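Below is one structure, written out as structure tokens; comments come after it.
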Amino acid sequence: MTVPRPHLSFWERLYVPTLLNGFKVTFRHFWRTAVLRRPVTLSYPEEKWVVPEGYRGAPYLVRDQDGRTKCVACQLCEFICPPKAITVHPPGPEVDPATGNVEKRPRDFEIDMLRCIFCGYCQEVCPEEAIFLMKDYALVGQRREDMVYHLDKLLALGGVHLDPVQKWKHKAREAARQETFPVPVPPPQETHAAS
Amino acid sequence: MDWNFLFVSAVKIVVAFSVLMVLVAYVVLIERRLCAAIQDRLGPNRAGPFGLLQPVADAVKAFLKEDFTPAHVRRAYYWAAPAIVMFPAILNLAVIPFGSRLGDQEMVIADLNIGIVYAFGIASLGVYGIVLAGYAANSKYPLLGGLRSGAQMISYEVSMGLAVIPLFMVVGSLNLGDVIASQQGRLPWLPILPNWAVFQNPMLLLSFVIFLGASFAETNRLPFDMPECEQELAGGYNVEYSSIRFALFFMGEYASMILASAILTTLFFGGWTLPVFGLDRVATAWWQGAAQIGIFLAKMMVFILGFIWVRWMLPRFRYDQLMRLGWNRFLPLALANIAATTVWLWIAS
Ligand code: SF4
Ligand code: SF4
Numbered sequence: 518m519t520v521p522r523p524h525l526s527f528w529e530r531l532y533v534p535t536l537l538n539g540f541k542v543t544f545r546h547f548w549r550t551a552v553l554r555r556p557v558t559l560s561y562p563e564e565k566w567v568v569p570e571g572y573r574g575a576p577y578l579v580r581d582q583d584g585r586t587k588c589v590a591c592q593l594c595e596f597i598c599p600p601k602a603i604t605v606h607p608p609g610p611e612v613d614p615a616t617g618n619v620e621k622r623p624r625d626f627e628i629d630m631l632r633c634i635f636c637g638y639c640q641e642v643c644p645e646e647a648i649f650l651m652k653d654y655a656l657v658g659q660r661r662e663d664m665v666y667h668l669d670k671l672l673a674l675g676g677v678h679l680d681p682v683q684k685w686k687h688k689a690r691e692a693a694r695q696e697t698f699p700v701p702v703p704p705p706q707e708t709h710a711a712s
Numbered sequence: 279m280d281w282n283f284l285f286v287s288a289v290k291i292v293v294a295f296s297v298l299m300v301l302v303a304y305v306v307l308i309e310r311r312l313c314a315a316i317q318d319r320l321g322p323n324r325a326g327p328f329g330l331l332q333p334v335a336d337a338v339k340a341f342l343k344e345d346f347t348p349a350h351v352r353r354a355y356y357w358a359a360p361a362i363v364m365f366p367a368i369l370n371l372a373v374i375p376f377g378s379r380l381g382d383q384e385m386v387i388a389d390l391n392i393g394i395v396y397a398f399g400i401a402s403l404g405v406y407g408i409v410l411a412g413y414a415a416n417s418k419y420p421l422l423g424g425l426r427s428g429a430q431m432i433s434y435e436v437s438m439g440l441a442v443i444p445l446f447m448v449v450g451s452l453n454l455g456d457v458i459a460s461q462q463g464r465l466p467w468l469p470i471l472p473n474w475a476v477f478q479n480p481m482l483l484l485s486f487v488i489f490l491g492a493s494f495a496e497t498n499r500l501p502f503d504m505p506e507c508e509q510e511l512a513g514g515y516n517v518e519y520s521s522i523r524f525a526l527f528f529m530g531e532y533a534s535m536i537l538a539s540a541i542l543t544t545l546f547f548g549g550w551t552l553p554v555f556g557l558d559r560v561a562t563a564w565w566q567g568a569a570q571i572g573i574f575l576a577k578m579m580v581f582i583l584g585f586i587w588v589r590w591m592l593p594r595f596r597y598d599q600l601m602r603l604g605w606n607r608f609l610p611l612a613l614a615n616i617a618a619t620t621v622w623l624w625i626a627s
């Protein structure tokens, strides 16, 4: 295949217009950066980037306004996570004294930030709106173990997320009602099988 | 044996060499900051105020890195090549008149009567280092880079040598001091401009253009950096080098760029002269001598900035374009230029 070459005039073949154009472009950038001091880069540790809404940073766990861990240890996020960054340790028999035995909660929750690819699937799949990708993008640790975030750290970093529904309160009331309501036990029926 | 002469020469050599090395270090920094600005970034500004200690950091890094010698290289050549790249630039320093007089000393290390021939002769040795590095590395990309540089530098040397002949026909001497002496004062036909060779007549302007183009090729700077070609040859002749050896290639490139600027200044832009305050005559007072060194360095700096700027402005030529430019354009032009100058001088006389 032959590539058609544009016909250059004598002036263009002298290379002068190219030189001038090149100088114009480079000088424009030089002027903007060196004289007007408007580089496109940031001097990172001093200047920080304004993280836009909807950015997918590190996933953290949240509490609701009553301070209850929203996660119910359903492990959906653990199963969906593509690089298997999440390990949920489902609860043992102990009950949260603050809320009573209405929902499970994780005994421990690990996210290996070295594995996490910030894909956001965990946030999308969570039925309880308990895990969110936040704005942190520079995670630092000195050892590998430092980069595995556990439940306490995740909750501390995640903060509070207002929950308009607070399903667990409703459930607690229901549970309480179930415990106090005298459930009628049907009297033993006589059988007429023999007759 | 004239001990005074020996001592003074030794001092001049040491000072000129250290100035060259400091210039190399800071030209690298200037290049990095300038290219950063052209690319909308800031460049290295963390080491010291405005990044002024960056060359120190670079040097420490270059020395501390592992000096790795790949198993397949041809050792003797491999070890010799970086030094050979470095030394033409240093040797050429000897004939550059970087000032007129300071006290009663001439500000040139060796006032040769064949100055420019010496300079060309030494500069053409620069190609050996690169070809040798390409050969010594014993692998494909360096060899290609070395071959290209061999072809390129030899081709352009021809046009470069022919391009300056008109200048010496006009001046009538090969001594760089005489060349400068012929550029004193102001232009006879336009007295606001200094009487520098580029402005003297159109032939010398053409000489300058050809010489400038050939200098880019000789110093392996973009748009003629065929031997390196980061994109196609992954760095070319220096691929197999690491640590301080690699740094030597790097410094050699910058040193030859500085030397090319010095020669351009001397030949076409009046060297240390400036036609104000009598600074175009051989200095009689200390301040004049010092000011002339400053003038020389400033003019040289302008050329260095030009070299740097062009690198970030123009894309690389294709290899055949480069060769065609050298043999089909520059060479005939330079020859025609010699003829034109002959006619001009004949009519003028
Ligand atoms: S963001 Fe993606 S990778 Fe990271 S924990 Fe959630 S599901 Fe796993
Ligand atoms: S974070 Fe959400 S999806 Fe993951 S275990 Fe807890 S409730 Fe389930």
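Residue numbers (our numbering), protein chains in the order written: chain A, 518 to 712; chain B, 279 to 627. Cβ atoms here follow ideal geometry from the backbone N, Cα and C, with glycine treated the same way. A quick note: this is a predicted structure, and the numbers were derived from the prediction, not measured.
7 Å Cβ cutoff met for residue i and residue j
{"i": "A602 of chain A", "j": "I628 of chain A", "result": "yes"}
{"i": "L380 of chain B", "j": "G567 of chain B", "result": "yes"}
{"i": "K343 of chain B", "j": "S521 of chain B", "result": "yes"}
{"i": "F489 of chain B", "j": "L600 of chain B", "result": "no"}
{"i": "Y661 of chain B", "j": "A492 of chain B", "result": "For residue 661 of chain B there is no data in the structure shown, the boundaries of chain B being 279 and 627."}
{"i": "V605 of chain A", "j": "F635 of chain A", "result": "no"}
{"i": "L542 of chain B", "j": "F581 of chain B", "result": "yes"}
Closer than 7 Å to chain B by CB, residue i
{"i": "A551 of chain A", "result": "yes"}
{"i": "G539 of chain A", "result": "yes"}
{"i": "F547 of chain A", "result": "yes"}
{"i": "T604 of chain A", "result": "no"}
{"i": "P521 of chain A", "result": "no"}
{"i": "V557 of chain A", "result": "yes"}
{"i": "T586 of chain A", "result": "no"}
Contact test: residue i Cβ vs ligand 1 heavy atom, cutoff 6 Å
{"i": "P576 of chain A", "result": "yes"}
{"i": "I586 of chain B", "result": "no"}
{"i": "A602 of chain A", "result": "yes"}
{"i": "Y666 of chain A", "result": "no"}
{"i": "W637 of chain A", "result": "Note that residue 637 of chain A is Gly in the sequence shown, not Trp. Yes, ligand 1 has a heavy atom inside 6 Å of this Cβ."}
{"i": "I634 of chain A", "result": "yes"}
Nearest-angstrom beta carbon gap, residue j and residue i [assumed within contact, 8 Å]
{"i": "I308 of chain B", "j": "H546 of chain A", "result": "Not confirmed; about 17 Å, so no contact."}
{"i": "T586 of chain A", "j": "L672 of chain A", "result": "6 Å"}
{"i": "V395 of chain B", "j": "L452 of chain B", "result": "6 Å"}
Residues of its chain near residue i, where Cβ-Cβ distance is below 7 Å and the 5 sequence neighbours each way are ignored
{"i": "C639 of chain A", "result": "P576, C594, I597, C598, I603 and I648"}
{"i": "I400 of chain B", "result": "P366, L369 and N370"}
{"i": "G463 of chain B", "result": "N473, P553 and D558"}
{"i": "S485 of chain B", "result": "A441, V442, P444, L445 and N615"}
{"i": "F524 of chain B", "result": "N516"}
{"i": "F547 of chain B", "result": "W474, V476 and K577"}
{"i": "E531 of chain B", "result": "T497 and N498"}
{"i": "L331 of chain B", "result": "A325"}
{"i": "L613 of chain B", "result": "L440"}
{"i": "A335 of chain B", "result": "A325"}
{"i": "S378 of chain B", "result": "M385, W550, V560, A561, G567 and Q570"}
{"i": "P610 of chain B", "result": "none"}
Min CB distance residue i to chain A below 7 Å
{"i": "D318 of chain B", "result": "yes"}
{"i": "M591 of chain B", "result": "yes"}
{"i": "A492 of chain B", "result": "no"}
{"i": "A315 of chain B", "result": "yes"}
{"i": "A626 of chain B", "result": "no"}
Distance cut-off 6 Å: residue i Cβ against heavy atoms of ligand 3
{"i": "C313 of chain B", "result": "Questions concerning ligand 3 fall outside what the structure shown contains, since the ligands it does hold are ligand 1 and ligand 2."}
Proximity test, residue i beta-carbon vs ligand 2 heavy atom, cut-off 6 Å
{"i": "A673 of chain A", "result": "no"}
{"i": "V682 of chain A", "result": "no"}
{"i": "I648 of chain A", "result": "yes"}
{"i": "E645 of chain A", "result": "yes"}
{"i": "A655 of chain A", "result": "no"}
{"i": "L593 of chain A", "result": "yes"}
{"i": "C588 of chain A", "result": "yes"}
{"i": "V557 of chain A", "result": "no"}
Cβ shell of residue i (< 8 Å), same chain only, five flanking positions each side left out
{"i": "I470 of chain B", "result": "R464"}
{"i": "R319 of chain B", "result": "none"}
{"i": "A349 of chain B", "result": "none"}
{"i": "L421 of chain B", "result": "G412, Y413 and A415"}
{"i": "M651 of chain A", "result": "G574, A575, P576, Y577, L674 and G675"}
{"i": "N391 of chain B", "result": "S451, L452 and N453"}
Cβ-based neighbour list, residue i, same chain, cut-off 6 Å, excluding 5 preceding and 5 following
{"i": "H678 of chain A", "result": "V579"}
{"i": "A711 of chain A", "result": "Since pLDDT at A711 of chain A reaches only 48, below the 50 mark, its modelled position is unreliable, and the value read off the structure follows with that caveat. Contacts found: none."}
{"i": "M529 of chain B", "result": "V302"}
{"i": "L631 of chain A", "result": "M664"}
{"i": "Y356 of chain B", "result": "A414"}
{"i": "D680 of chain A", "result": "D581"}
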